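Novice: Quick note: the sequence shown uses the numbering used here, first residue 245, plus one each step.
Note that the Cβ used here is the ideal one computed from N, Cα and C, for glycine as well.
Fair warning: this is a prediction, and the values are worked out from it, not measured in the lab.
Input: one structure, supplied below.
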Amino acid sequence: FQAPTIRQLAAQIEDRRRAAGFENCGALIEIQPGDSLPVLFATAGGVGVEEELLLYGALAPHLQCDLPIAGFGSGSLDEQPPSNFEALVERNLTELRKRQPAGPYIIIGECISGVVAFEMARRLAEAGEQVARLILLDAKCPDESDLEWQRGRGFKELEEIQGLDRARKIQSYYLNVLGHHPGAFEGPVDMVVVKESRDRFGETLGWRPHLRGAYRVHLVPGDHDSYIREHNVDLAKRLGAILADVLATL
């Protein structure tokens, strides 16, 4: 798949959603096409569906970086997402290896999908692959309080916004991700955070006990919703600098 513009990316996602069954939803969406390596692999934030990849598509033109960008989604809101965190991670890793068989890998995850990105990077490193950088975008490390909130008020808010049927599907995805207990990652990490999140959850948003390698924290303008939307140009510039630093070391 190739989608050099936001409009084409949205059309591509819509076409695939209509044409493909759930079994085929593991294929990557090419957000910024290219044949060079490494690829920047992105996990879909928010409710985890492919439409969330449009946020990365909006960042791509401002990155000042020619890296190919490929994104993972969990189908659409009309499809049942993977019911098991392990299955989701392994599906993503299978697709990742098809696209780029060996490292160095660069993986980015936004919001709750940062948990998925972290586990992907951890397993790759554990398998002896080079993970050149893991980038977490305002992604909190999950704990029991997140599960408690999601089972209560979180689900009620989902139902109000999405309706009962869709809320149940999203809830299944959320609980599987939030119920995961992260291990330790040995590689380098860049964490992009907003002040609101840092003040609530600490500088690394709870990830520090799981980090065994070098890490950096970057503060960007906006809140958890606006930093990647209204402030996406500022975010892209920061990401571009991070990616340039990564490429300089390869």
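By alpha-carbon positions, which one of L380, L337, A371 ends up nearest to I356?
Specialist: L380
Novice: Return the CA-CA distance between A485 and I405, expressed in angstroms with no decimal places.
Specialist: Going from the Cα of A485 to the Cα of I405 covers about 36 Å.
Novice: Taking a contact to mean a Cβ-Cβ separation below 8 Å, would you say D382 touches Y471 in this structure?
Specialist: yes
Novice: Under the three-state reduction of DSSP, which class applies to E373: helix, strand or coil?
Specialist: The answer is coil: DSSP assigns E373 none of H, G, I, E or B.
Novice: Have a look at L391 and G457 and give me their C-alpha separation to the nearest angstrom.
Specialist: Approximately 28 Å, taken between the alpha carbons.
Novice: Tell me, to the nearest whole angstrom, how far the beta carbon of Y418 is from that of Q394; I am working on the premise that it is less than 8 Å.
Specialist: About 5 Å; that satisfies the 8 Å criterion.
Novice: Would a C-beta distance cut-off of 8 Å place G466 and V437 closer than the cut-off?
Specialist: no
Novice: Kindly give me the distance between the Cβ atoms of P312 and V359, rounded to whole angstroms, as I take these residues to be in contact under 8 Å.
Specialist: Going by Cβ atoms, the distance from P312 to V359 rounds to 24 Å, so no, they are not a contact pair.
Novice: Specify the secondary structure class of R452 as computed by DSSP and reduced to three states.
Specialist: helix
Novice: Please state the DSSP three-state secondary structure of K359.
Specialist: The sequence given here places Val at residue 359; Lys does not occur at that position. Helix, per DSSP.
Novice: Would DSSP call L391 helix, strand or coil?
Specialist: helix
Novice: Which residue's Cα is closest to the Cα of H475: L303, P282, E354?
Specialist: L303
Novice: Could you name the residues of the same chain whose beta carbon sits closer than 7 Å to that of A264, not counting the 5 residues immediately before and after it, in chain order?
Specialist: For A264, the predicted model reports a pLDDT of 35, less than 50, meaning its position is unreliable; a value from the coordinates is still stated below. If we look at A264 and ignore the five residues flanking it on each side, it has no Cβ neighbours.
Novice: Closest to F316 by CA distance: which of Q308, Y349, L340, A331 is it?
Specialist: L340
Novice: Just to confirm the assignment, what range does the alpha helix (DSSP H) spanning G427 have?
Specialist: Here G427 belongs to no alpha helix (DSSP H), and DSSP marks it neither H nor E.
Novice: Smallest Cα separation from R442: which of L455, V461, H454?
Specialist: V461
Novice: Hey, R367 and L402 are a contact pair by Cβ (cut 8 Å); roughly how many whole angstroms apart?
Specialist: No, R367 and L402 are not in contact; Cβ-Cβ is about 29 Å, not under 8 Å.
Novice: Determine the extent of the beta strand (DSSP E) in which Y471 is found, giving its start and end residues.
Specialist: Counting along the chain, Y471 falls outside any beta strand (DSSP E), and DSSP gives it neither H nor E.
Novice: Once the 5 residues before and after D279 are set aside, which same chain residues still bring their CB inside 8 Å of it?
Specialist: P312
Novice: Since D434 sits in a beta bridge, which residues does DSSP pair it with?
Specialist: I379, R460
Novice: With C-beta atoms as the reference, is L297 less than 8 Å away from R343?
Specialist: Result no, Cβ atoms of L297 and R343 do not sit closer than 8 Å.
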